[in-house]
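In what follows, a structure is listed as structure tokens, so that the remarks can point back to it.
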Amino acid sequence: MDPDLERMVELLNEIDDILCCPRCDLALSRTKVVVGSGPLDARIVLIGEAPGRNEDEKGEPFVGAAGRNLDALLEKSGIQRRDVYITNVVKCRPPGNRPPRACEIEACHPYLQRQLEAISPKIIVLMGRTAAEAMLERKVNLGKEHGTVIEKGGIKYMITYHPAAMIYNQWLGDTIAGDFKKVSALLLEG
Ligand code: URA
């Protein structure tokens, strides 16, 4: 196992046995728990919704079609994937890729909180409504709020669309790329 993943698993095991997590019913249908990927000293954390089919098989986040879109967005904005930490609001695939339920998000939240405490990033990119609402604890209108930076507890939160949204709405590609460019500018601000 990658040493950063091993260390993160150790930290999350203080909450529950993450790789065999029993905290919600997604445990019954998942193949692998998708903890996250990237260095534990990353300055940027990207948060998506939940693993899809490819992620569930491989145990890694954003390795399918949405992952290819994410790679392209990162490349365009000059951010290296290996420098960012990538995770999801829920760590197990919901059947048929349905949106995660409130009880599943709640059951998984301590893991996400612990990840963020451990990494202590400067910037958190909330990719899609599920991530934005889970982290900001309120309703979010992506059309109005994407590209917005919210400062909370010394961390800058950037709201954007989920990279999978580009699969169905290609015009969104430039919009999301613009948001990611703002992320790289924020990083330069220090
Ligand atoms: N969509 C997500 O939200 N997360 C993944 O890891 C893959 C697709």
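Numbering (full-length UniProt numbering), first residue to last: 1 to 190. Ideal Cβ positions, reconstructed from N, Cα and C, are used throughout, including at glycine.
- Taking 9 Å as the cut-off, the Cβ atoms of A107 and C20 do not count as close.
- When DSSP states are grouped into helix, strand and coil, Y161 belongs to the coil group.
- Residue nearest to G153 within the set T175, A132, S120 and N141 is S120 (criterion: CA-CA distance).
- G128 and R138 have their C-alpha atoms some 13 Å from each other.
- Distance from the CA of I123 to the CA of L116, rounded to the nearest whole angstrom, comes to 11 Å.
- Ordered along the chain, residues surrounding ligand 1 are G48, E49, P51, G52, E55, P61, F62, A66 and N88 [Cβ under 5 Å from any heavy atom].
- Note that the stretch 140-150 does not touch the stretch 44-51; fewer than 3 beta-carbon pairs, one per stretch, sit closer than 8 Å.
- When the five nearest sequence neighbours on each side are left out, no beta carbon in the same chain lies closer than 7 Å to the beta carbon of D174.
- Rounded to whole angstroms, D71 and V35 show a C-alpha spacing of 19 Å.
- When Cβ pairs closer than 8 Å are counted between the two stretches, the stretch 27-46 is seen to touch the stretch 81-95, the count reaching three or more.
- Taking M166 as the centre and dropping the five residues before and after it, the same chain places the C-beta of N69, L172 and G173 closer than 6 Å to its C-beta, in chain order.
- According to the DSSP assignment, T130 belongs to the alpha helix (DSSP H) that extends over R129 to L136.
- Rounded to the nearest angstrom, the gap between the Cα atoms of G64 and Q80 is 18 Å.
- With contacts defined as CB atoms closer than 9 Å, A66 and A164 qualify as a contacting pair.
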